[in-house]
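Trainee: One structure is given below, represented as structure tokens, and several questions about it will come after.
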Amino acid sequence: MIFVSRSEKGKRQSNQDRVGVFENKDTIFAILCDGMGGHSGGEIASSLAVNFLSREFVNNFNYKKDDVKLWFDINIDKLKRLMVREVKENDESLMEMGTTITGVLIIKKENRIYFFNCGDSRGYALLKNGALNQITVDQNVFNLLNSNGQTDLINRYKQTNSLWKLTSAVGPKIATTLEIFELEAKHFPQIKKILLTSDGIHGAVDFKSIELILSSQNSIDQIANKLLDEAILGDSTDNMSLIILDME
1 MIFVSRSEKG KRQSNQDRVG VFENKDTIFA ILCDGMGGHS GGEIASSLAV
51 NFLSREFVNN FNYKKDDVKL WFDINIDKLK RLMVREVKEN DESLMEMGTT
101 ITGVLIIKKE NRIYFFNCGD SRGYALLKNG ALNQITVDQN VFNLLNSNGQ
151 TDLINRYKQT NSLWKLTSAV GPKIATTLEI FELEAKHFPQ IKKILLTSDG
201 IHGAVDFKSI ELILSSQNSI DQIANKLLDE AILGDSTDNM SLIILDME
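The opening residue of the sequence shown carries number 1 in full-length UniProt numbering; numbering runs sequentially from there.
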């Protein structure tokens, strides 16, 4: 499978994003993490997440449809315990660190695709008809209020500038809910490209622009560069990371 990944620090002093694409037999595992926590905390959290989960995937993942969620639940729990151990052994000030995690697991021989997400990084699927679908749901206060039918509280949270605060991430002291989005096998042939982004990209480039850029006839390298350029033009103030997988 052809893919491209990019990760740029943008206007930040350091890059707390991490990306990776890995293969195990006929299975692809792509992951993007956006770290947080000040100083080097975000870099450590996102690096631990990519390194640990990719190692578990390469060494220990065997696909069974009913076990996918269990595999993620077990390994997210192991990752959180690894983070706690890292903090206690090295620097207690890193206890507040954390990271988003988003990605995709592609089981080629079964025509199965599983998006996974914790936080507000995103996973998209571009169909062969040119339509872009956001598969993951940002885990933030705004979406939580909407899903709970508490839209009357939106203005109150907006006034305190906490509407986009994360309700879930992965860290030693952070509440974690990893969501799995399974695409049915019948949809597999319809998918042209898969895109993963950190909010440094989708926070600065609107949905329609992402759709137009991703559905162009350019190579995925050119598409990746164009998305980064558009994020810069959109005055992105965050690290900018993406992964594009060509499904054709």
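Don't be surprised by glycine CBs; every beta carbon is placed ideally from N, CA and C.
If you draw a straight line from the alpha carbon of R12 to that of N140, how long is it in whole angstroms?
Mentor: In the sequence shown, counting from the first residue as 1, residue 12 sits at position 12. In the sequence shown, counting from the first residue as 1, residue 140 sits at position 140. If you take the alpha carbons of R12 and N140, they lie about 22 Å apart.
Trainee: I'd like to check one pair, L178 with V205: are the Cβ atoms closer than 9 Å?
Mentor: Residue mapping note: residue 205 aligns to position 205 of the sequence shown, counting from 1. Residue mapping note: residue 178 aligns to position 178 of the sequence shown, counting from 1. Result no, Cβ atoms of V205 and L178 do not sit closer than 9 Å.
Trainee: In or out: R81 buried (at least 16 other Cβ within 10 Å) or exposed?
Mentor: Mapped onto the sequence shown, residue 81 falls at position 81. So R81 counts as exposed.
Trainee: Roughly how many whole angstroms lie between the Cα atoms of D26 and K158?
Mentor: For this step, residue 26 is matched to residue 26 along the sequence shown. For this step, residue 158 is matched to residue 158 along the sequence shown. Cα to Cα, D26 sits roughly 46 Å from K158.
Trainee: By the DSSP assignment, the alpha helix (DSSP H) with M83 in it spans what residues?
Mentor: Taking the sequence shown and counting its residues from 1, one reaches residue 83 at position 83. Counting along the chain, the alpha helix (DSSP H) containing M83 begins and ends at 68–90.
Trainee: Going by other Cβ atoms of all chains shown within 10 Å of its Cβ, with 16 needed for buried, is T151 buried or exposed?
Mentor: Stepping through the sequence shown from its first residue, residue 151 is reached at position 151. Per the 10 Å Cβ criterion, exposed.
Trainee: What residue range is occupied by the uninterrupted alpha helix (DSSP H) comprising F188?
Mentor: Residue numbering aside, residue 188 sits at position 188 when the sequence shown is read from its first letter. Here F188 belongs to no alpha helix (DSSP H), and DSSP marks it neither H nor E.
Trainee: Figure out for me which residue from L94, V87, N111 has the closest Cα to the Cα of Y63.
Mentor: Taking the first residue of the sequence shown as 1, we reach residue 63 at position 63. The shortest Cα separation from Y63 among L94, V87, N111 belongs to N111.
Trainee: Between which two residues does the alpha helix (DSSP H) holding I154 run?
Mentor: The residue given as residue 154 occupies position 154 in the sequence shown. Note, I154: alpha helix (DSSP H), 154–159.
Trainee: Answer yes or no: do I135 and L183 have a C-beta to C-beta separation smaller than 9 Å?
Mentor: Taking the first residue of the sequence shown as position 1, residue 135 is located at position 135. Taking the first residue of the sequence shown as position 1, residue 183 is located at position 183. Taking 9 Å as the Cβ cut-off, I135 and L183 qualify as a contacting pair.
Trainee: S5 by DSSP, collapsed to three states: which one?
Mentor: Locating residue 5 in the sequence shown gives position 5, where the first residue counts as 1. In the structure shown, S5 sits in a strand (DSSP, three-state: E or B).
Trainee: Indicate the three-state DSSP secondary structure (helix, strand or coil) for L112 in the structure shown.
Mentor: For the purposes of this step, residue 112 is taken as the residue at position 112 of the sequence shown. A small fix is needed here, since residue 112 is Arg in this sequence, not Leu. Three-state result, R112: strand.
Trainee: Hey, how far is the Cα of V19 from the Cα of R85?
Mentor: For the purposes of this step, residue 19 is taken as residue 19 along the sequence shown, with counting starting at 1. For the purposes of this step, residue 85 is taken as residue 85 along the sequence shown, with counting starting at 1. V19 and R85: Cα-Cα distance of roughly 23 Å.
Trainee: The beta strand (DSSP E) with L242 in it runs from where to where?
Mentor: For the purposes of this step, residue 242 is taken as residue 242 along the sequence shown, with counting starting at 1. Run containing L242: 240–246, per the beta strand (DSSP E) assignment.
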